[in-house]
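J.: Protein chains in written order, with the working numbering: chain A, 267 to 469; chain B, 538 to 1069. Positions of the beta carbon are idealized from the N, C-alpha and C atoms, including for glycine. As the structure is a computational prediction, the values presented were derived from the model and not from experiment. So that we are looking at the same thing, I have put the structure below in structure tokens.
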Amino acid sequence: MNNVNDEKLTDKIGMWVFLASELCFLLGLFLAFLIYRREVHNAFHLGASHMNVFAGTINTAILLTSSLCVVSADWAYKTQKFKQSFYLIIATIFLGAIFLVIKSFEYAQHVQDHLLPGFDFQYVGKDIRGIKMFFVLYYLMTGIHALHVLAGLLVLIFIALKVYKKSYSTDDPRGLEVAGLYWHFVDIVWVFIFPLLYLVDRL
Amino acid sequence: MIHENYLTHDYSLKSWFLTTDHKRIAILYLISITIAFVVGATAAGIIRIHLLSSKGLLVSPDTYNRLFTLHGIVMVWFFLIPSIPNVLGNFLVPLMIGAKDLAFPKLNLMSWYFYVGGLLFTLTMLIIGGVDTGWTFYTPYSTQYSNSYVILAATGIFISGISSILTGLNFIVTIHRLRHPKMGWFKLPLFIWSIYATSLILILATPVLGMTLLLIAIERLTGVGIFNPALGGDPLLFQHLFWFYSHPAVYIMILPGMGVISEIIPCFSRRPIFGYRYIAFSSVAIAMLGFLVWGHHMFVSGQSAYADLMFSILSFLVAVPSAIKVFNWTATLYKGSITISTPMLYSMAFIALFTVGGLTGLVLATLAIDVHVHDTYFVIAHFHFIMVGGMVSAYLGGMHFWWPKITGRTYPEKWGRVSVIMLLSGFVITFLPQFILGYLGMPRRYHSYAPNLQIFHMISTSGIIILGIGYLLPLIYLTWSFRHGPGSVDNPWQASGLEWQAPTPPPIENFITTPIVPDQPYDYVKDLEIKI
Chain A
267 MNNVNDEKLT DKIGMWVFLA SELCFLLGLF LAFLIYRREV HNAFHLGASH
317 MNVFAGTINT AILLTSSLCV VSADWAYKTQ KFKQSFYLII ATIFLGAIFL
367 VIKSFEYAQH VQDHLLPGFD FQYVGKDIRG IKMFFVLYYL MTGIHALHVL
417 AGLLVLIFIA LKVYKKSYST DDPRGLEVAG LYWHFVDIVW VFIFPLLYLV
467 DRL
Chain B
538 MIHENYLTHD YSLKSWFLTT DHKRIAILYL ISITIAFVVG ATAAGIIRIH
588 LLSSKGLLVS PDTYNRLFTL HGIVMVWFFL IPSIPNVLGN FLVPLMIGAK
638 DLAFPKLNLM SWYFYVGGLL FTLTMLIIGG VDTGWTFYTP YSTQYSNSYV
688 ILAATGIFIS GISSILTGLN FIVTIHRLRH PKMGWFKLPL FIWSIYATSL
738 ILILATPVLG MTLLLIAIER LTGVGIFNPA LGGDPLLFQH LFWFYSHPAV
788 YIMILPGMGV ISEIIPCFSR RPIFGYRYIA FSSVAIAMLG FLVWGHHMFV
838 SGQSAYADLM FSILSFLVAV PSAIKVFNWT ATLYKGSITI STPMLYSMAF
888 IALFTVGGLT GLVLATLAID VHVHDTYFVI AHFHFIMVGG MVSAYLGGMH
938 FWWPKITGRT YPEKWGRVSV IMLLSGFVIT FLPQFILGYL GMPRRYHSYA
988 PNLQIFHMIS TSGIIILGIG YLLPLIYLTW SFRHGPGSVD NPWQASGLEW
1038 QAPTPPPIEN FITTPIVPDQ PYDYVKDLEI KI
């Protein structure tokens, strides 16, 4: 019969497999972005100039710190520091929420500048098609990412409750580890989105 | 009086719709995909009858477009992709590796609900008017000009795609972690290897389809020009994204079928399979190489000649592992003690029809020929030989082979053999003329055609009656046997494999005594004959 001990890793392997599929989900968008960036480089250059690098940088710092928090929470739980673990998860959730708030401010600014393709897009200049393409891909990439951040926050709230009640075993807090893995993935995706959308075309 | 098993354990509706037992979920899938098959087959029947006349007999051109789109969408995503993995895979994977259930039983149930949700969504969309873009949704027609329910179709397929991904995830983790301690990778049945290879494709390719569907929905909804050349977009980008999924998807459809054949042939030749490791590695090779050949659907799309060249060479390469399997199955038969049972007949039909389909794939991969036969009935014949001649034969063969294990009943063997003969003959009459039609220039998806081609269409349509009987018969006698068939012994075929060591049908926890893993898989001894 299947060895009960072997079932230890199933949750983690399951999350890794899921993350592999998530990566392939993003692949298409990144590919579209890279191809169009090559096709209409000038337009993408102009589009990137509308990006709020300050907000993006703060958001990057926020996400990286939140990843540190969640992995520290995992370590704290494993060394029986339950209160510390709980607070660290709360910190992760808090930072993630701030990320979303800053992102919404960015979006609001773009809408105010009439840069929302399909709904309210006004731009004067000959690169209008390319810039529209840039913004479509920008909204899709950051929007889908933000939805995943939101989903991660909801999961982390659930995990926080479990940590509070000390429901996990200390040598194998599977739910916590698996949620942490997911959060790291969301963070890494942002680490790729940020330079690609905000930084490289400003040079 | 049959012993308590997973079927008799609880008769309430709640115990079925909230089950986490992989065996019950397999039955739920069986019923759902059969419904999908009937819908898709009806559309095909209407299409073939319509084509009896060169001016079209039954429907308007617009309805015709919606019919072939319905046929493609339902058959690909709601029948072929889930069939063997979600019915036979769900039922057999834990049993074959000596486990109690899959790694994530609740996720398994969720997969079924996503599948059913997608199916209901898509069927509703089809009823309220349907979509007319073809199952391939080429842009900018689908995103800009089509006057049909493209977004709803994309949503329905997206939902069913989630089911695929979760299924693949479940199988991968299960096969890695839940094997019997004595069952090393190279003692696994080849069916498991094929499910594993299929699951790799499921988790890596399906998300790309998800993104592609999302993009066409967004383009259609907001009017932005991701794929629309008039707005600065690139229609070829859609084709690349779509086929990057859809080519591996055809390997999702055929690999499990090959796995079934690898189980049936050794049993009814009473010989261990020839070249076990070669078949195992070929499965994984097909999965990996399958990701490199998508451009062979786009030879005449305007992509560069160098891309054409590379994709052609790679398409030839991907045929090699499939051919290795065909050679190995044949070698297994050689000097074996052959029993011509229904599953064996289905397997032989598979080998014959799949080989024709596969060889014509090489014909299509040849650039100079493809220029002439791309988008003609030659392509249609090619993939129907593989999908219907191959995959459906394997599915039915597998259903017959494991029917005693699943239901505890014996199906009527004579009717089984009649069904195979009907399927084989009906199939050949229906689809062989389509190679000629394609060669003579009959394009795909045309509701009317040049009168000189009518004779071939008439022959093709005449075959569907026999083919239909070949499908209807198992539907009738298998369902009949479920209630009235004679009870089966635990291992009626004297087959190897841990699933046969479980009681027939299995109890909820699958095994009553710990199964014994033999030193080698397929430890058949030639002199032992099985009585049917």
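Which chain A residues are close to F641 of chain B, counting only those with a beta carbon under 8 Å from its beta carbon?
T.: Near F641 of chain B (Cβ distances below 8 Å), the residues of chain A are T276 and G280.
J.: Residues in its own chain within less than 7 Å of D912 of chain B by CB, not counting five upstream and five downstream?
T.: P980 and R981
J.: In whole angstroms, give me the CA-to-CA distance for S999 of chain B and I394 of chain A.
T.: 56 Å
J.: Give me the Cβ distance between T331 of chain A and W456 of chain A, rounded to the nearest whole Å; I'm assuming they're in contact under 8 Å.
T.: Going by Cβ atoms, the distance from T331 of chain A to W456 of chain A rounds to 12 Å, so no, they are not a contact pair.
J.: In chain order, what are the residue ranges of uninterrupted alpha helix (DSSP H) at least 4 long that sit wholly in the stretch 618-696 of chain B?
T.: 627-634 and 642-664
J.: I need the DSSP call for L382 of chain A, collapsed to helix, strand or coil.
T.: strand
J.: What first and last residue would you give for the alpha helix (DSSP H) that runs through V855 of chain B?
T.: A842 to L870
J.: Output needed for N271 of chain A: all residues of its chain with C-beta closer than 7 Å, excluding positions within five of it in sequence on either side, in chain order.
T.: For N271 of chain A, the predicted structure reports a pLDDT of 45, less than 50, and the residue's modelled location is therefore unreliable. The matter cannot be settled from this model.
J.: Report the residue from B:W1037, B:G577, B:P1052 and B:S806 whose alpha carbon sits nearest the alpha carbon of W672 of chain B.
T.: B:G577
J.: Report buried or exposed for V319 of chain A, applying the criterion of at least 16 other Cβ atoms within 10 angstroms of its Cβ.
T.: exposed
J.: I'd like the ranges of any beta strand (DSSP E) spanning at least 3 consecutive residues and lying wholly in the stretch 707-771 of chain B.
T.: none
J.: Spell out whether any CB of chain B is found under 7 Å from the CB atom of N269 of chain A.
T.: Bear in mind that a pLDDT of 48 at N269 of chain A, under 50, signals an unreliable position, so the number given afterwards is only what the model happens to contain. By this cut-off, N269 of chain A is an interface position.
J.: Against G760 of chain B, what residues of chain A qualify as contacts under a CB-to-CB distance less than 9 Å, listed in chain order?
T.: P383 and G384
J.: From the DSSP output, in three-state form, read off G796 of chain B for me.
T.: helix
J.: Mind reading off the beta-carbon distance from F938 of chain B to I801 of chain B? Whole number of angstroms is fine, and I expect it under 8 Å.
T.: 5 Å
J.: Under 8 Å Cβ to Cβ from M267 of chain A, same chain only, skipping five residues before and after it: list those, please.
T.: Residue placement at M267 of chain A cannot be trusted, given a pLDDT of 45 that sits under 50; the coordinates are not used to answer.
J.: Inspect the CB distances between the stretch 554-566 of chain B and the stretch 621-632 of chain B and report whether three or more fall short of 8 Å.
T.: The stretch 554-566 of chain B vs the stretch 621-632 of chain B: in contact.
J.: Given this structure, state the Cα-to-Cα distance separating Q388 of chain A from L295 of chain A, to the nearest angstrom.
T.: 24 Å
J.: Tell me, please, whether the CB atom of M399 of chain A is closer than 7 Å to any CB atom in chain B?
T.: Closer than 7 Å: yes.
J.: Compute the distance between the beta-carbons of I1006 of chain B and M959 of chain B, then report whether it is under 7 Å.
T.: yes
J.: Would you please state the rounded distance, in angstroms, between the beta carbons of P785 of chain B and A742 of chain B? I believe it to be under 8 Å.
T.: Right, the Cβ-Cβ distance comes to about 4 Å (below 8 Å), so this counts as a contact.
J.: Is there at least one Cβ from chain B nearer than 7 Å to V283 of chain A's Cβ?
T.: yes
J.: List the residues of chain B that E288 of chain A touches, going by C-beta distances under 9 Å, in chain order.
T.: P744
J.: Using alpha carbons as the reference points, say which of B:T1016, B:N1028, B:P858 and B:L595 lies closest to G895 of chain B.
T.: Answer by Cα proximity: B:P858.
J.: Applying a beta-carbon distance threshold of less than 8 Å, which residues of chain B neighbour K395 of chain A?
T.: The sequence shown places Arg at residue 395 of chain A, rather than the Lys named in the question. In chain order: G762, L768 and G769.
J.: Determine, using beta carbons only, whether G294 of chain A comes closer than 7 Å to chain B.
T.: yes
J.: What is the residue span of the alpha helix (DSSP H) that K344 of chain A lies within?
T.: For K344 of chain A, the enclosing alpha helix (DSSP H) covers residues V319 to K344.
J.: Using a Cβ-Cβ cut-off of 7 Å (strictly less than) and excluding sequence neighbours within five positions of M924 of chain B, which residues of its own chain qualify?
T.: Take M924 of chain B, set aside five residues on each side of it, and the residues of its chain with a beta-carbon closer than 7 Å to its own are L617 and M790, in chain order.
J.: Please confirm if the stretch 724-738 of chain B is in contact with the stretch 700-716 of chain B, defined as three or more CB-CB distances below 8 Å between the two stretches.
T.: yes
J.: Count the other CB atoms within 10 Å of the CB of R814 of chain B; is the residue buried (16 or more) or exposed (fewer)?
T.: Exposed, by the Cβ-count rule.
J.: Rounded to the nearest angstrom, what separates N269 of chain A and W1037 of chain B at their Cα positions?
T.: Caution applies to N269 of chain A, whose pLDDT of 48 falls short of 50 and renders its modelled position unreliable; the value that the coordinates give is listed next. Those two C-alpha atoms are separated by around 20 Å.
J.: Looking at A640 of chain B: is its Cβ nearer than 7 Å to the Cβ of T276 of chain A?
T.: yes
J.: Which residue or residues does DSSP assign as beta-bridge partners of S435 of chain A?
T.: A:D438
J.: Taking C-beta pairs closer than 9 Å, name the residues in chain B that F451 of chain A reaches, listed in chain order.
T.: Here the premise fails: no neighbours, minimum Cβ distance about 13 Å.
J.: By the 10 Å Cβ neighbour count, where 16 or more other Cβ atoms means buried, how is A298 of chain A classified, buried or exposed?
T.: buried
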